[in-house]
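Since the structure comes first, as structure tokens, the remarks are kept for the end.
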Amino acid sequence: MPVKQPGYPGAQAASYHQLMHDRVVELQEDEPVSLTLAYFDYGDPGTVAFIKAFAPFALVRLIRPITSEFAATPSSREVRDYRDYLADEAQELRNRASRVSEFTNICDLAPFLLPSTNFASRRHHKLISLLFGRLGTAQDVSQLLRLASNNFERHHPRVKPLTSNHSCYSDKHLFFCSPGGDRHGYFSPPRKGARTDLRARRTQPFRRELRARSPL
Numbered sequence: 007m008p009v010k011q012p013g014y015p016g017a018q019a020a021s022y023h024q025l026m027h028d029r030v031v032e033l034q035e036d037e038p039v040s041l042t043l044a045y046f047d048y049g050d051p052g053t054v055a056f057i058k059a060f061a062p063f064a065l066v067r068l069i070r071p072i073t074s075e076f077a078a079t080p081s082s083r084e085v086r087d088y089r090d091y092l093a094d095e096a097q098e099l100r101n102r103a104s105r106v107s108e109f110t111n112i113c114d115l116a117p118f119l120l121p122s123t124n125f126a127s128r129r130h131h132k133l134i135s136l137l138f139g140r141l142g143t144a145q146d147v148s149q150l151l152r153l154a155s156n157n158f159e160r161h162h163p164r165v166k167p168l169t170s171n172h173s174c175y176s177d178k179h180l181f182f183c184s185p186g187g188d189r190h191g192y193f194s195p196p197r198k199g200a201r202t203d204l205r206a207r208r209t210q211p212f213r214r215e216l217r218a219r220s221p222l
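Mapping to the numbering used here: the sequence shown position 164 is 170, numbers consecutive.
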């Protein structure tokens with residue numbers, strides 16, 4: 007967090023991304039990782055751009071900024087109190103991340119784990135945007151996630167492809183199935199000769215299966 011000069015330099019988000027990447031690649035593949043970010047709001051476009059750079063994969067929380075008076079001549083007590091405040095905010099973010107993981111670190115389908123760039127649904131995009139903005143401050147994280155999941159499934163109920171015995175989500179263009187042994191949200195360095203597999207089927211087969219299942 008910038009302290010001496012207010013504002014976020016344009017390259018700061020990218021440097022944090024690199025720091026995160028360098029740390030994650032050193033961990034074991036199944037090591038749980040949560041990214042939390044406490045930030046100051048300087049009320050400028052730089053703050054908006056900085057926070058947007060961490061959407062939707064970080065848990066963000068607005069914190070009390072350092073005032074110019076405090077930065078100029080802080081007393082020992084003020085420094086101690088603010089240090090304790092930062093420690094409390096960091097712990098609060100960790101607690102919230104733990105509750106979020108109960109809905110994401112699972113061996114099952116979850117709307118929060120759908121790839122937002124590939125799942126063609128405005129409702130899903132709004133859902134992820136809502137959660138990104140509220141999870142850091144919501145009074146009840148678990149209730150917020152349950153309500154969001156239930157609302158999503160009312161508009162995107164699970165479907166079952168004819169070629170599978172397992173239900174999945176669909177945006178009416180592709181099927182998004184559980185990754186099976188390739189756990190959700192786990193970082194795996196690319197293997198030689200490996201290719202990306204979205205485990206999805208194209209639009210036309212989806213429409214044929216809808217007709218096949220329709221009583222009309």
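Backbone N, C-alpha and C fix where the C-beta goes; we use that ideal spot for every residue, glycine too.
Beta-carbon separation (whole angstroms), residue i vs residue j, contact threshold 8 Å
i: residue 164; j: residue 115; result: 7 Å
i: residue 105; j: residue 148; result: 5 Å
i: residue 43; j: residue 64; result: 5 Å
Reduced DSSP category for residue i - H, G, I as helix; E, B as strand; rest coil
i: residue 106; result: helix
i: residue 48; result: coil
i: residue 175; result: strand
i: residue 151; result: helix
i: residue 169; result: coil
i: residue 83; result: helix
i: residue 68; result: strand
i: residue 56; result: helix
i: residue 33; result: coil
i: residue 25; result: helix
i: residue 182; result: strand
i: residue 15; result: coil
i: residue 200; result: Caution is warranted here: a pLDDT of 48 is assigned to residue 200, below 50, making its placement in the model unreliable, and no coordinate value can be reported.
CA-to-CA distance, residue j to residue i, given in whole angstroms
i: residue 183; j: residue 175; result: 7 Å
i: residue 52; j: residue 172; result: 45 Å
i: residue 45; j: residue 169; result: 47 Å
i: residue 80; j: residue 21; result: 29 Å
i: residue 128; j: residue 92; result: 36 Å
i: residue 14; j: residue 66; result: 15 Å
i: residue 107; j: residue 59; result: 21 Å
i: residue 16; j: residue 54; result: 11 Å
i: residue 152; j: residue 97; result: 23 Å
i: residue 109; j: residue 32; result: 25 Å
i: residue 134; j: residue 156; result: 14 Å
Option nearest residue i by Cα separation, candidates the options
i: residue 142; options: 82, 58, 69, 33; result: 69
i: residue 112; options: 90, 28, 89, 36; result: 36
i: residue 167; options: 158, 177, 160, 34; result: 177
>> Suppose only complete runs of 4+ residues qualify. What are the alpha helix (DSSP H) ranges in the segment 87-145, listed by chain order?
In response: 128-140
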